[in-house]
Amino acid sequence: MVKSPDLDIPKNLPRHIAIIMDGNGRWAKKRHLPRIMGHRQGAKTVKEIVTTVRKLGIPYLTLYAFSKENWSRPEDEVSSLMDLLCEYLQRELDELLGNKIRLRAIGDLEDLPDRVQEILFDTIEKTSKNYEMELILALSYGSRAEILRAVRTIGEKCQKGEIDPRKIDERTFRSFLYTSDIPDPDLIIRTSGEMRLSNFLLFQAAYSELYITKTLWPDFNKSELLKALTDYSKRERRFGRITEQMILKCTGSDS
């Protein structure tokens, strides 16, 4: 894809960005507004960031939209978040189709209310043939639960003789994760200044670059994203190797 000429694009863009969208409640509290108003403003930020990532030609964007732990929030807030998710999916369908963005979802999706599942799976189906970008929503997602699910499935297959436990390697394990066909995130962004992963993509984040900003999610815009990408572009990713090894790997030289 040709990148949009109206953006000041940093070099060495990541292939996959994952974002922990945090700070909606604090944004609303600072303005003496109900928490749902923070979530609504956050949904507007989602639209801007998805549009910017698409223009940049980055093929994968994962958004931590609703964690398994979020079910413990007040019932009215959870219900409002589910309503907001439905609104977003219905409102943005034409944009997703027009921009050739494929929607996917990871997590324990059966936990979602039936009405949400219906709209979610309908949107996933209608965008399934898109190929320019994948927008992955983490919904009722928890990384520990994902890992335990993979372990249980592998264990059952070992019991049935379908898998030889002596041959289980990282590649085998990865094939049982929600993200089996999605590359690990190169860059994980967390807004609102919190310094933790909050049970998000723990296995996949082993070598992800982390970018923490104090900006609250509703205030995170195109400019803030480009700051994160500029910071990322200056980093040297060695994956446990030394610099000289990475130079040889990039140049293809073994002398």
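The sequence shown begins at 1290 in my numbering and counts up by one. Glycine residues also receive a C-beta, built at the ideal position from the N, C-alpha and C atoms.
If I measure Cβ to Cβ from residue i and keep anything under 6 Å in the same chain, skipping five residues before and after, which residues do I get?
i	result
Arg1526	none
Met1267	Nothing about residue 1267 can be read from this structure; the chain reaches only from 1290 to 1544.
Ser1544	Confidence at Ser1544 is low in this model, with a pLDDT of 41, below 50, so the placement of that residue is unreliable and no value is reported for it.
Arg1391	Thr1416, Asn1419, Glu1423
Thr1341	Lys1511, Leu1514
Asp1473	Gln1493
Ile1536	Annotation note: pLDDT 49 at Ile1536 (below 50); position unreliable, coordinate value reported separately. Taken in chain order, the list of residues that qualify is empty.
Classify residue i as buried or exposed, calling it buried when 16 or more other Cβ atoms lie within 10 Å of its own Cβ.
i	result
Thr1468	buried
Trp1360	exposed
Pro1303	buried
Met1484	exposed
Ala1332	buried
Gln1493	buried
Ser1464	exposed
Arg1380	exposed
Thr1442	exposed
Gly1314	buried
Arg1460	exposed
Arg1343	buried
For the putative contact between residue i and residue j, defined by C-beta atoms under 8 Å, what is the C-beta separation to the nearest angstrom?
i	j	result
Leu1409	Leu1378	6 Å
Ile1425	Arg1393	5 Å
Val1339	Leu1374	Between Leu1374 and Val1339 the Cβ distance is about 14 Å, and since that is not below 8 Å, they are no contact.
Ser1497	Asp1475	6 Å
Ser1522	Lys1319	Going by Cβ atoms, the distance from Ser1522 to Lys1319 rounds to 32 Å, so no, they are not a contact pair.
Which same chain residues end up closer than 7 Å to residue i when comparing Cβ atoms and leaving out the 5 residues on each side of it in sequence?
i	result
Leu1382	Thr1412, Lys1415
Leu1370	His1328, Phe1355
Lys1446	Ile1452
Thr1504	Thr1480, Glu1513
Ala1439	Phe1462, Phe1465, Leu1466
Ile1395	Ile1425, Ala1427, Tyr1430, Tyr1467, Thr1468
Using a threshold of 8 Å, state whether the C-beta atoms of residue i and residue j are closer than that.
i	j	result
Gly1312	Ser1512	no
Phe1355	Ser1432	no
Ala1427	Tyr1353	yes
Tyr1420	Lys1389	yes
Ile1477	Leu1499	yes
Ile1306	Leu1350	yes
Arg1324	Glu1366	yes
Lys1336	Asp1397	no
Phe1489	Ile1309	yes
Thr1334	Pro1454	no
Among the residues of its own chain, which have a CB less than 8 Å from the CB of residue i, if the five just before and after it don't count?
i	result
Lys1516	Thr1502
Asp1520	Tyr1500
Quick check for students: name the residue ranges of the beta strand (DSSP E) that lie wholly in the segment 1345-1369, counting only runs of 3 or more.
You should have 1349-1356.
Mind listing, in chain order, the continuous beta strand (DSSP E) runs of no fewer than 3 residues lying wholly within the segment 1372-1424?
1390-1395
Of all the alpha helix (DSSP H) runs that stay within the bounds of the segment 1489-1533, which reach a length of 4 or more residues?
1511-1522
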